[in-house]
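One structure is given here, and the rest of the page talks about it.
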Amino acid sequence: MTILLLFTFSVVGADRPIGASTYIPYLAGLTFNLDPEKYVYLKQIEDSGAWEGVFLLGMLTGGFFSSIFITKTFRISLIPTAWVKYKNNSVKSRMLYSFVSGFFMIIGARLAGGCTSGHFMSGMGQIAISAMVFGGVVLVTLIITGQLFYKLKSEDEV
Amino acid sequence: MKDSTLFERIGGMFENVAAQGHGSLLFVFFAGIVFGTIIQYVRADKFEKIAGFAMLKDTIVPKMLFLTVGLTSIGLYFMVDNGYASYHIKPIILSGLVIGGVLFGASMAIMGKCPGTGPVSIAEGRVDVLVGAIGGVLGALVFTIFYDDIFHPLMGESMGKLTLPSLVPGYETISVLLFGGLVIAISIIIPKKELVDEADICQITGKQKTKEETTSH
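In order, the protein sequence lines correspond to chains A and B.
If you count the first sequence from 1, position 103 lands on 103 in the working numbering, and the numbers rise without skipping.
If you count the second sequence from 1, position 164 lands on 164 in the working numbering, and the numbers rise without skipping.
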């Protein structure tokens, strides 16, 4: 992973950091045919959005083949095993939470200007203060939410 | 752009990347494949890994992240120092970082994915994540449309693109080594815990793969 990050940063590679959340508004722009001339934000992300769009296609390809040939875990599934164990076994509830959390996750990532890849890995790799602030806040919220949201006690009784 | 079809717009994306000078189209695609494969191989795309970390039942993701960050910070510093790479620092937009971080962290605990691992698990056949991604695209749509009125003012002013070494002039190299070493030490100190998905083990049949974080190097 480190080698990939370093290589992407390097002048022989792409001379830019890896990111994985700018492509989402870019895709939204593509899908709904928003005019970049009209929306300031789309204009700003035109280039990095396109870069990450291609990167995303690679990610999908890599994940797909690796899940089939290497880890052999490819399967169509609707609900994660641990969700059933620690939350509930309703597919509807998982879908709803998934949808809502996806919605807010992207707004959060765009507000902060990055996500786990862009801020945490690429950003902290550059020892940027912005990435440390973001990383700290995310870690704390992540754990607090995890402790409150999932039923951890019931698991101990089983 | 206004009346173009979806396919024309996708074609435009490829042309844009090819013209950017940030690596050839093939390189970007290939970097994506490597990234996706690593994430898939170390199973960082699994719900059990990120949500499991939120429950403090699985520590593979933070161990891996900290190790990567530590190694990268040291390696990258010397590459930049010798002119083989350059920094691309994101600005400190304090309220954006904090509000965004809270939203992002809470969503990540519930979804069990981040925007980097989500696509990988969709590629692995997880329909619930696909639904989350649709939510994400709508979130992005809202963000884009109301960027000027709501979100941009909310992010606050940039306080500059600072890095830790730039705060201690004269001690740059030492501060980088200290930071990198500390982060690597954290990754080693965090106790190793794993929450595995029983469904996967049944599917693999036979021995369960050992998920050493060494695969992430």
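All C-beta atoms in this analysis are idealised placements derived from N, C-alpha and C, irrespective of residue type, glycine included.
Please read all numbers here as calculations on a predicted model, not as lab measurements.
Per-residue burial, residue i [other beta carbons within 10 Å of its own, 16 or more giving buried]
i	result
Asp-58(B)	buried
Ser-66(A)	buried
Tyr-171(B)	exposed
Leu-65(B)	buried
Leu-56(B)	exposed
Ile-129(A)	buried
Met-159(B)	exposed
Lys-49(B)	buried
Glu-52(A)	buried
Ile-70(A)	exposed
Phe-78(B)	exposed
Ser-73(B)	buried
Asp-197(B)	buried
Ile-191(B)	Going by the sequence as given, residue 191(B) is Pro instead of Ile. Under this definition Pro-191(B) is an exposed residue.
Ser-101(A)	buried
Leu-96(A)	exposed
Ser-48(A)	buried
Gly-108(A)	buried
Ser-90(A)	exposed
Straight-line Cα distance separating residue j from residue i
i	j	result
Ile-68(A)	Glu-124(B)	8 Å
Pro-223(B)	Gly-62(A)	Since the first residue of chain B shown is 1 and the last is 217, residue 223(B) is not available in this structure.
Ala-19(B)	Ile-106(A)	27 Å
Ser-86(B)	Gln-126(A)	10 Å
Ile-10(B)	Ile-189(B)	45 Å
Asp-128(B)	Arg-75(A)	12 Å
Tyr-150(A)	Gly-112(B)	12 Å
Phe-14(B)	Ile-45(A)	15 Å
His-22(B)	Gln-147(A)	41 Å
Ser-77(A)	Leu-130(B)	11 Å
Gly-135(A)	Phe-120(A)	6 Å
Gly-32(B)	Phe-55(A)	4 Å
Ser-107(B)	Gly-136(B)	11 Å
Lys-92(A)	Leu-111(A)	29 Å
Ile-193(B)	Ile-60(B)	Ile is not the amino acid found at residue 193(B); the sequence shown has Lys there. Cα to Cα, the separation comes out at about 7 Å.
Leu-167(B)	Leu-139(A)	24 Å
Asp-149(B)	Lys-85(A)	42 Å
Leu-42(A)	Thr-144(B)	7 Å
Val-59(A)	Met-132(A)	The question names Val, yet the displayed sequence has Met at residue 59(A). Taking the straight line joining both Cα atoms gives about 26 Å.
Ser-122(A)	Val-34(B)	16 Å
Phe-64(A)	Glu-8(B)	26 Å
Asp-81(B)	Lys-72(A)	42 Å
Leu-142(A)	Phe-30(B)	31 Å
Ile-122(B)	Leu-57(A)	12 Å
Thr-68(B)	Phe-103(A)	28 Å
Phe-99(A)	Leu-138(B)	9 Å
Thr-145(A)	Lys-90(B)	26 Å
His-152(B)	Gly-105(B)	20 Å
Gly-114(A)	Ile-134(B)	19 Å
His-88(B)	Thr-81(A)	39 Å
Contacting residues, own chain, Cβ-Cβ under 7 Å from residue i (five flanking each side not counted)
i	result
Leu-233(B)	Nothing about residue 233(B) can be reported from this structure: the residues present for chain B run from 1 to 217 only.
Leu-25(B)	Phe-14, Val-17 and Ala-18
Ile-99(B)	Leu-154
Val-120(B)	Gly-36, Ile-39, Gln-40 and Asp-45
Phe-53(B)	Thr-59, Val-61 and Pro-62
Lys-87(A)	Tyr-150 and Lys-151
Ala-51(B)	Ala-109 and Gly-112
Beta-carbon proximity list for residue i, same chain, < 6 Å, skipping 5 on both sides
i	result
Leu-6(B)	none
Gly-70(B)	Gly-180, Val-183 and Ile-184
Thr-117(B)	Ile-39, Ala-44 and Asp-45
Pro-165(B)	Glu-172, Ser-175 and Val-176
Arg-94(A)	Ile-79 and Trp-83
Phe-47(B)	Gly-112
Ser-95(B)	Gly-156
Gly-12(B)	none
Ile-186(B)	Phe-66
Contacting residues, own chain, Cβ-Cβ under 8 Å from residue i (five flanking each side not counted)
i	result
Leu-141(B)	none
Selection of the stretch 68-91 of chain A by Cβ proximity to chain B, strictly under 7 Å: So the list reads Ile-70, Thr-71, Lys-72, Thr-73, Phe-74, Arg-75, Ile-76, Ser-77, Leu-78, Ile-79, Pro-80, Thr-81, Ala-82, Trp-83 and Tyr-86, given in the order they occur along the chain.
Interfacial residues, the stretch 72-91 of chain B to chain A, with Cβ spacing under 7 Å: Within the stretch 72-91 of chain B, the qualifying residues are Thr-72, Ser-73, Gly-75, Leu-76, Met-79, Tyr-84, Ala-85, Ser-86, Tyr-87, His-88, Ile-89, Lys-90 and Pro-91.
Length at least 4, wholly inside the stretch 119-152 of chain A: the alpha helix (DSSP H) runs in chain order: If we require 4 residues or more, the alpha helix (DSSP H) runs fully inside the stretch 119-152 of chain A come out as 129-149.
4-residue-minimum alpha helix (DSSP H) runs that sit fully inside the stretch 32-103 of chain B, ordered along the chain: You should have 47-54 and 60-81.
Members of the stretch 47-68 of chain A that neighbour chain B once the beta carbon cut-off is set at 7 Å: Of all residues in the stretch 47-68 of chain A, Asp-47, Ala-50, Trp-51, Gly-53, Val-54, Phe-55, Leu-56, Leu-57, Gly-58, Met-59, Leu-60, Thr-61, Gly-62, Gly-63, Phe-64, Ser-66 and Ser-67 have a Cβ within less than 7 Å of some Cβ in chain B.
Members of the stretch 123-146 of chain A near chain B, C-beta cut-off 9 Å: Correct list: Gly-123, Met-124, Gly-125, Gln-126, Ile-127, Ala-128, Ile-129, Ser-130, Ala-131, Met-132, Val-133, Phe-134, Gly-135, Gly-136, Val-137, Val-138, Leu-139, Val-140, Thr-141, Leu-142, Ile-143, Ile-144, Thr-145 and Gly-146.
Proximal residues, the stretch 91-107 of chain A versus chain B, C-beta separation under 7 Å: Residues of the stretch 91-107 of chain A whose Cβ lies closer than 7 Å to any Cβ of chain B, in chain order: Arg-94, Met-95, Tyr-97, Ser-98, Phe-99, Val-100, Ser-101, Gly-102, Phe-103, Phe-104, Met-105, Ile-106 and Ile-107.
Chain A contacts made by the stretch 107-119 of chain B, where a contact means CB separation under 7 Å: Within the stretch 107-119 of chain B, the residues whose Cβ lies closer than 7 Å to some Cβ of chain A are Ser-107, Met-108, Ala-109, Ile-110, Met-111, Gly-112, Cys-114, Pro-115, Gly-116 and Pro-119, listed in chain order.
Residues of the stretch 175-190 of chain B whose Cβ lies closer than 9 Å to any Cβ of chain A, in chain order: Residues passing the 9 Å Cβ filter: Ser-175, Val-176, Phe-179, Gly-180 and Val-183.
Proximal residues, the stretch 31-49 of chain B versus chain A, C-beta separation under 9 Å: Cβ proximity to chain A below 9 Å picks out Ala-31, Gly-32, Ile-33, Val-34, Phe-35, Gly-36, Thr-37, Ile-38, Ile-39, Gln-40, Tyr-41, Val-42, Arg-43, Asp-45, Lys-46, Phe-47 and Glu-48 from the stretch 31-49 of chain B.
Entirely enclosed alpha helix (DSSP H) segments - the stretch 93-156 of chain B, minimum 4 residues: As far as the stretch 93-156 of chain B is concerned, its whole alpha helix (DSSP H) runs of at least 4 residues are 94-111, 118-123, 127-145 and 152-155.
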